[in-house]
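Numbering (this note's numbering), first residue to last: 1407 to 1813.
Where a beta carbon is used, it is the ideal one built from N, C-alpha and C, also for glycine.
Source: prediction; values computed, not measured.
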C-alpha cells in the first residue's frame, strides 16, 4: 500500500485485491506513525475471506522518506495447527490446553477447537490480568477437576498466552513425593515406636528395676535385693543386662561383707574405747610377769590412799601400793584365796574393804563390796606384758553393767 492507502501489490492475487473500496490499507495508516510493526487484532481477511492476523510495517526510502506500508496476513488456521504440534510435544494425552488471545480477549489460536474470534474474557481465569501485562498462576475448578492456569503477556504484542493443565497431572511428582514423604514419616513413627517399646522392655525397664533395687541395699539387709522377684527374669539373661545384674549382685555381696567387717571392727573399737573411757572411773593396776606393779591409775591410788607425790616415777614404791590395798581388805585370807581361784578359773572376784580414801586423802570408814576383773595384756608382738586388774570401786552397780562397760 502507498501512503494514500491504495493497494499497489497483492499476493496471492485476487479479484478483491484491486478493489480499492475493500482495501485494508486505510485500517493500518497508524503504522506510518511508528517505527515498530503494528499487529492487528484477529479479523477476517477481505481478500481471502479467512481468519487472519495482520502485521503492518512502515516502509521508508534511502533518505528516510515514507513510501508506504507492507501488510502481512498470518492465517490463524495455520497458527492453530502449529499450536497443536506444540501441545503434542508437551503432553501426549491432550491434557494440556493452550490459548492465544488478542488484546480484545478474542481467541487467535487454541488447542480446543473453539471457534476463532470467540471472546474468552468471561471464560479463561486470569485473562484480564495477562492483558494488563501481568503474569502469574491460579487454580480454578472446571468439570469437577482442578486446573492450573498459567498466564503471561507476549512480548512486543498486545497478546497473551494461557496454558491450562490439570493440577493432578501437573503436580503429580510433587503429590507423589508428598505421599511418599507422609508414608515415610508414618513408617518412621511406627518404627520408632516399635523400637522404643522394644528398647523400653528390653533395656530401660530392667535398668529402672535395677536402680530401684540398688536403692534398697542397706547394711542390715538380710535378703539380697538382687535375688528378689523383680530381677529373676533379667538375671537369667545372657546379654549385657544379665551381666550387669550379676555384677551388681556380686557387688552387693561385697558391700554386705564390707558392712559386716566394718561393723565388727567398729563394735570392737567402740568396746575398746568404752572400756578406755570407763577405765577413768575404775581402778587399774598393771603388773609385770614377775608380779611387780608397773602402773596404777589415779582412781586406784586415790582409793587406797596414795598421794600424787608418791606415784611420781622417782618416788614410786610398788610395795606401798600393795600394802595400802591389803590394809583396806576386810578378810585378807578370803582375798588371797579368791586371787588363787581367779588365776586358775574365773577372771572375776569379789571382796570387801573396810573403807576408802576420798579426794582429799581422808579415810572414809564403811564396808564396801569390790569387784575385780583380771586379764592379761600383750604387746603388738604378742609378748606378755603382765596381768591387769580392773577394780570396780562403786558399791551399788550390778555385774551386767560392769561387763557392758569393760567388754
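- By the 16-neighbour rule on beta-carbons within 10 angstroms, residue 1511 is buried.
- Residue 1560 and residue 1592 have their alpha carbons spaced roughly 46 Å apart.
- The beta-carbon distance between residue 1711 and residue 1772, rounded to whole angstroms, is 14 Å. This is too long to meet the 8 Å contact definition.
- For the pair residue 1731 and residue 1675, the Cα-to-Cα distance works out to about 32 Å.
- A residue is called buried once 16 or more other Cβ atoms fall within 10 Å of its Cβ, and residue 1612 is buried on that count.
- The alpha helix (DSSP H) runs lying completely inside the stretch 1694-1774 and spanning 4 residues or more are 1704-1710, 1724-1734, 1738-1750, given in chain order.
- Separation of residue 1649 and residue 1655 (C-alpha to C-alpha, rounded to the nearest whole angstrom) is 10 Å.
- In this structure residue 1506 is in contact with residue 1514, their Cβ atoms being roughly 5 Å apart against a cut-off of 8 Å.
- Burial is judged here by how many other beta carbons sit within 10 angstroms of a residue's own beta carbon; residue 1770 has fewer than 16 and is exposed.
- Looking from the CA of residue 1781, the closest CA among 1763, 1762, 1755, 1761 belongs to 1755.
- Under the 8 Å Cβ criterion, the stretch 1534-1548 does not count as touching the stretch 1597-1609, having fewer than three qualifying pairs.
- Per the DSSP secondary-structure output, residue 1548 pairs in a beta bridge with 1551.
- Beta-bridge analysis with DSSP links residue 1557 to 1542, 1568.
- Within the model, the alpha-carbon separation for residue 1598 versus residue 1587 is close to 16 Å.
- A contact is defined here as three or more CB-CB pairs under 8 Å, and the stretch 1466-1474 fails this definition with respect to the stretch 1445-1452.
- Excluding five sequence positions before and after residue 1479, the CB atoms of its chain that fall closer than 6 Å to its own CB belong to 1451, 1458, 1460, given in chain order.
- Three or more beta-carbon pairs separated by less than 8 Å link the stretch 1564-1575 to the stretch 1498-1505, which places the two stretches in contact.
- The three-state secondary structure of residue 1590, taken from DSSP, is helix.
- For residue 1410, there is no enclosing alpha helix (DSSP H), as DSSP gives it neither H nor E.
- The beta carbon of residue 1411 lies closer than 6 Å to those of 1431, 1432 in the same chain, with the five residues before and after it left out.
- Listed as beta-bridge partners of residue 1534 by DSSP are no residues whatsoever.
- Annotation for residue 1758: 1735, 1736, 1737, 1773, 1774, 1775, 1776 place their beta carbon closer than 8 Å to its own, counting only its chain and skipping 5 residues before and after.
- Partner residues in a beta bridge of residue 1630, as assigned by DSSP, do not exist.
- Runs of the beta strand (DSSP E) lying entirely within the stretch 1425-1490, each at least 3 residues long, are 1457-1466, 1472-1481 in chain order.
- Distance from the CA atom of residue 1518 to the CA atom of residue 1486, rounded to whole angstroms, is 10 Å.
- The three-state reading of DSSP puts residue 1562 in coil, since its state is none of H, G, I, E or B.
- CA-CA distance, residue 1413 to residue 1407, rounds to 4 Å.
- Excluding five sequence positions before and after residue 1563, the CB atoms of its chain that fall closer than 7 Å to its own CB belong to 1445, given in chain order.
- In the three-state reduction of the DSSP assignment, residue 1664 falls in the helix class.
- The Cβ atoms of residue 1537 and residue 1509 sit closer than 8 Å to each other.
- With fewer than 16 other beta carbons inside 10 angstroms of its own, residue 1549 counts as exposed.
- Residue 1639 is not a Cβ neighbour of residue 1651, given a cutoff of 8 Å.
- In the three-state DSSP reduction, residue 1782 falls in the strand class (E or B).
- Taking C-alpha positions only, residue 1645 is separated from residue 1637 by approximately 14 Å.
- Around the beta-carbon of residue 1657, fewer than 16 other beta-carbon atoms lie within 10 Å, marking it exposed.
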